[in-house]
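As numbered in mature numbering (1 follows the signal peptide of the UniProt record, and there is no 0), residues -19 to -1, 1 to 270 make up the sequence shown, in order.
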Amino acid sequence: MLLCFIFFFSWTLPSFILGYKNGLQLKNIYNATEPDLSGPLGDNLQRNWEKEIKRANKTKQNPSLKRAIFKTFYKPYSMFGVILFFQCIVLKMLQPIVLAEYIHYYDISTQEAKPEKGWLLGSLVVAMAFANVAIIHYVSLGCQRIGMRVRIACSSLVYRKLLKLSQASLGQTAAGQLVNLLSNDVQRFDMASNFLHYAWLMPIQAVIAFYIMYRSVGIAAVAGMMAICLEAIPLQGYMSKLQGKWRYQIALRTDHRVKLMSEITTGIQVIKMYAWEKPFEKIIEIARR
């Protein structure tokens, strides 16, 4: 354990020591790497967004932000998809097969098997388990980093758009909606990027798993797979729909609450002058329920 700590976490000790002695300052924090800077990310997304607007004008369709984001980030994200394909489809599907062979090696009827085969199968089981952990952590970090870049790029576009709005347009834009958009909504990119690849990987994995089960237990695998599908797909669909509905209601209430607090903060002097603290306190309590 000590060796693992030294190997993986010892690089953070100088920062902890510096913070304990003098307190961390802004100059002590590492600068963002070049691929994570908001300027280049915003420029790349804006370039593809302008191309998307031109395409939409030619085809008389609405421009799609999803298409612009895809064109900007699909190359690095696809690379992690290939790695995750190897982990989910190759390693995970081979792991139970190798484990079954390893268990079968110790069967009474196979006592005369060569020891080299046992060592090989045992080493493969351990190596596959280690490779699964290493790959999933690497891919998860990479996908979340790309999600972070998407969030930064979209936030940069929003800021640039705000700087170009006229006073009349700014008056029609709710401050609460903007605050909620930049502080809450764009965070969904970080979470979604970690799971998007599973949308196309899971059907492939399910088919391969069904084939392995069918080869092992026969026709009983059909009943088991049908039971899993009938239970999981409708339930997950219903829960996703319900979650989306609740999320929409939460977003509306959050926008209203942030807008209300912004207006109260702006007019706090008038509220104090007319002694309206109690009525507005009740309004805030209702909005926060």
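Every residue gets a Cβ at the ideal spot worked out from N, C-alpha and C, and that includes glycine.
Hey, residue i and residue j: beta-carbon distance below 7 Å or not?
i	j	result
TYR83	LEU101	no
GLN68	ILE127	no
ARG29	THR53	Per the sequence shown, the amino acid found at residue 29 is Asn instead of Arg. Yes, these two residues count as a Cβ contact at 7 Å.
SER174	CYS124	yes
LEU72	MET109	yes
PHE170	VAL198	no
ILE252	PHE261	yes
VAL106	LEU80	yes
PHE191	MET206	yes
ILE(-14)	MET74	no
GLY62	HIS237	no
ILE185	ILE78	no
Rounded to the nearest angstrom, how far is the Cβ of residue i from that of residue j, given a contact under 8 Å?
i	j	result
VAL167	SER136	6 Å
GLU31	ARG48	The Cβ separation is near 12 Å, so there is no contact.
LEU22	ASN9	25 Å between Cβ atoms; not a contact.
MET194	ALA187	At roughly 10 Å, the Cβ-Cβ gap does not stay under 8 Å, so MET194 and ALA187 are not in contact.
VAL120	ILE64	5 Å
ASN25	ALA204	At roughly 51 Å, the Cβ-Cβ gap does not stay under 8 Å, so ASN25 and ALA204 are not in contact.
LYS98	TYR87	Not a contact, Cβ separation roughly 11 Å.
GLN27	ARG141	7 Å
LEU163	VAL139	6 Å
LEU182	PHE66	6 Å
So residue i is in the alpha helix (DSSP H); what residue range does that whole segment cover?
i	result
TRP181	179 to 198
LEU(-7)	-7 to 2
LEU22	19 to 40
ASN43	Neither: ASN43 is in no alpha helix (DSSP H) and is coded neither H nor E.
THR14	From DSSP, THR14 is part of no alpha helix (DSSP H); its letter is neither H nor E.
GLN76	73 to 86
TYR255	Premise fails: TYR255 is in no alpha helix (DSSP H) and is neither H nor E.
LEU122	96 to 145
ARG169	169 to 173
>> Between the region 236 to 248 and the region 208 to 226, can you find at least three pairs of beta-carbon atoms closer than 8 Å?
In response: With a cut-off of 8 Å, the region 236 to 248 and the region 208 to 226 do not count as touching, because too few Cβ pairs lie within range.
> Which runs of the beta strand (DSSP E) spanning at least 3 residues fall entirely within the region 193 to 246, listed in chain order?
Replying inline: Counting only runs that start and end inside the region 193 to 246, there is no beta strand (DSSP E) element of at least 3 residues.
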